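>
Numbering (our numbering), first residue to last: 10 to 150.
(1) I need the DSSP call for residue 124, collapsed to helix, strand or coil.
(2) Would you report the Cα separation of residue 77 and residue 101, rounded to the nearest angstrom?
(3) Can we count residue 86 as close to the ligand ADP, meaning its CB is less than 6 Å from some heavy atom?
(4) Considering only the alpha carbon of each residue, which of 137, 129 and 120 lies closest to residue 145?
(5) Over the uninterrupted alpha helix (DSSP H) stretch that includes residue 85, give me the two end residues.
(6) Can you tell me the Cβ-Cβ gap for residue 123 and residue 134, rounded? I've got them flagged as a contact below 8 Å.
(7) Compute the distance between the beta-carbons of residue 68 and residue 129, then report whether it is under 7 Å.
(8) Thinking just about the alpha-carbon of each residue, which of 117, 138 and 142 is nearest to the one in residue 131?
(9) For a test of the three-state rule: what should DSSP assign to residue 108, helix, strand or coil?
(10) Tell me whether residue 67 sits in a helix, a strand or coil according to DSSP, three-state version.
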């Protein structure tokens with residue numbers, strides 16, 4: 010399989026091909042150098058504060074929903090920026106951090122209990138009715 014068409018799904022124990030989703034080659038002829046680097050810096054700062062304030066140790070469903078909406082806005086902004094300007098390592102790292110934040114929020118919203126350090130005000134008790142399981146998320150397209 011050509012490198013540009015390979016997609017890997019990672020879980021806690023190993024990695025394996027998830028599907029054969031084609032990834033187009035990057036076309037640099039359509040982008041320019043950015044005179045708006047402050048956008049990347051600002052979005053990075055916003056993401057840090059968003060995760061700290063809404064998705065920290067003590068959570069509520071309402072805060073997680075707000076965080077999810079804001080992450081979607083950030084994701085769209087970064088996507089627009091990514092396709093219009095020259096790619097930098099800071100931009101790639103921000104894009105990756107947004108993906109990780111999205112996964113953290115999704116996992117937190119699925120958990121209907123408080124466990125370990127993560128305390129959910131909407132579900133204050135530990136649910137021991139079944140054995141704890143790893144959370145594995147995958148993208149279905």
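Think of the CB as a built atom: it goes at the ideal place given N, C-alpha and C, for glycine as much as any other residue.
The model shown is predicted, which means the values in this text are computed figures rather than measured ones.
Let's see:
(1) strand
(2) 20 Å
(3) Of the ligands one can find in the structure shown there are none, so the ligand ADP has no counterpart to examine.
(4) 120
(5) 70 to 93
(6) 7 Å
(7) yes
(8) 117
(9) helix
(10) strand
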